[in-house]
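**Student:** Okay, here's the structure, questions in a sec.
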Amino acid sequence: MRILAGAYASQKQNACRLPPRARSFRRRLLAWYARHGRRLPWRGLNDPYAVLVSEVMLQQTQVRRVTGFFPRFLARYPTLEDLAAAPPDAVREAWDGLGYYARARNLHAAAREVVDRLGGALPARPADLRRLPGIGRYTAGAVASIAFGANVPALDTNATRVLGRVLGIRRGGGAARRQARLWRLAEALVPRGRAGDWNQALMDLGATICVARAPRCPVCPVRQSCALGFGRS
DNA sequence: GTCCGGTCCA
DNA sequence: TGGACCGGAC
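Under numbering that gives the first Met the number 0, the first sequence has 82 at position 83, and the numbering climbs by one with no breaks.
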């Protein structure tokens, strides 16, 4: 399916000239997400701070665990200003049980930086978000697309696996090059105006159906669009 | 006991 | 480019 991937890549952001196969992939996945997407405490929130908190928690912690901690953390620190004003020990305590405490320190430092130097408003552009501590390419893309509607991808391991399979991008060779290639393809694929839903749909599919081991191809909503070939007629 | 994971740092 | 960071799942 090298041809398909090449076609995706060469079309850049021009939705009108995206190959038909790409368009049906997007349509099928978005339709599935609308109906079967996971209902999670941070879904539907448009407060950028809340989205940031959820994404940082999700960086190395499984969804199920985060669902318990996220509402509690937000109740304790409802706004970016509240978090910025909190003492480090208290933030650390609120993070207890999630592990990877550097994330909490970075989130706290990011909140301080936004309040002290950026006027209190979280930046909307991925490049600006990435200048904050603890925010890499994935988290910047997730916050920008979900909270601000930016037309940018967000590839975590789930979304990376899904795109790799659907587009037929083989493993092997340089991991970094493969990753860079997937990000480029992902940029071309983002449905303009629906990037937040799209990114979350990719991750949900990867978490529930297009799982790492033994993917459930027979029930996959995008099997007809997939380079793996399962379920195609 | 082994694997998994986004960001940062060596 | 590869390990550290932590806790959970298996």
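Just so you know, even glycine gets a beta-carbon here, dropped at the ideal spot from N, CA and C.
(1) Starting from Q199, trace the alpha helix (DSSP H) in both directions and tell me its first and last residue.
(2) L28 to T207, Cα distance in whole Å?
(3) Taking G118 as the reference, which of P87, V161, A83, G133 has the closest Cα?
(4) Kindly indicate which three-state DSSP category V161 falls into: helix, strand or coil?
(5) Which of the three DSSP states, helix, strand or coil, is assigned to R124?
(6) For G133, does the three-state DSSP call read helix, strand or coil?
(7) Does the distance from the C-beta atom of F72 to that of S53 stay below 7 Å?
(8) List the whole-angstrom C-beta distance separating G163 from L188, where the pair is believed to meet the contact cut-off of C-beta under 8 Å.
(9) Just confirm the distance between the C-beta atoms of S144 and A194, as a whole number of angstroms; I'd bet it's less than 8 Å.
(10) Kindly give me the distance between the Cβ atoms of S161 and G133, rounded to whole angstroms, as I take these residues to be in contact under 8 Å.
(11) State whether the stretch 92-103 contacts the stretch 60-67, with contact taken as three or more CB pairs (one from each stretch) at a distance under 8 Å.
(12) Taking the continuous alpha helix (DSSP H) assigned at A213, which residues delimit it?
(13) Return yes when the Cβ of E186 is within less than 7 Å of the Cβ of P217, no when it is not.
(14) Grab me the residues of L227's own chain with a C-beta within less than 6 Å of its C-beta, minus the 5 sequence neighbours each way, in chain order.
(15) Quick one: Cα of R63 to Cα of R37, how far?
(16) Looking only at C-alpha atoms, which of A120, P19, F24 sits nearest to S224?
(17) If you draw a straight line from the alpha carbon of V282 to that of N105, how long is it in whole angstroms?
(18) Can the beta-carbon of L79 be found less than 7 Å from the beta-carbon of A101?
**Tutor:** Concretely, from the data shown:
(1) Where Q199 is concerned, the enclosing alpha helix (DSSP H) stretches over 194-207.
(2) The C-alpha of L28 lies about 13 Å from the C-alpha of T207.
(3) For the residues P87, V161, A83, G133, the minimum Cα distance to G118 belongs to A83.
(4) The answer is helix: DSSP assigns V161 an H, G or I state.
(5) Looking at R124 - three-state DSSP - the assignment turns out to be coil, as it is neither helix nor strand.
(6) DSSP, read as helix, strand or coil, puts G133 in coil.
(7) No, Cβ-Cβ distance for F72 and S53 is not below 7 Å.
(8) The pair is not a contact, with the Cβ atoms about 13 Å apart (cut-off 8 Å).
(9) Going by Cβ atoms, the distance from S144 to A194 rounds to 4 Å, so yes, they are a contact pair.
(10) A small fix is needed here, since residue 161 is Val in this sequence, not Ser. Incorrect: roughly 25 Å between the Cβ atoms, too far for contact.
(11) Yes, the stretch 92-103 is in contact with the stretch 60-67.
(12) A213: not part of any alpha helix (DSSP H); DSSP gives it neither H nor E.
(13) No, these two residues do not count as a Cβ contact at 7 Å.
(14) Result list for L227: R164, in chain order.
(15) If I take the Cα positions, the gap works out to 11 Å.
(16) Taking each of A120, P19, F24 in turn and checking the Cα distance to S224, the smallest one comes out for F24.
(17) Missing from the structure shown is residue 282; the chain here goes from 0 to 232 and no further.
(18) Not in contact: L79 and A101 (Cβ atoms no closer than 7 Å).
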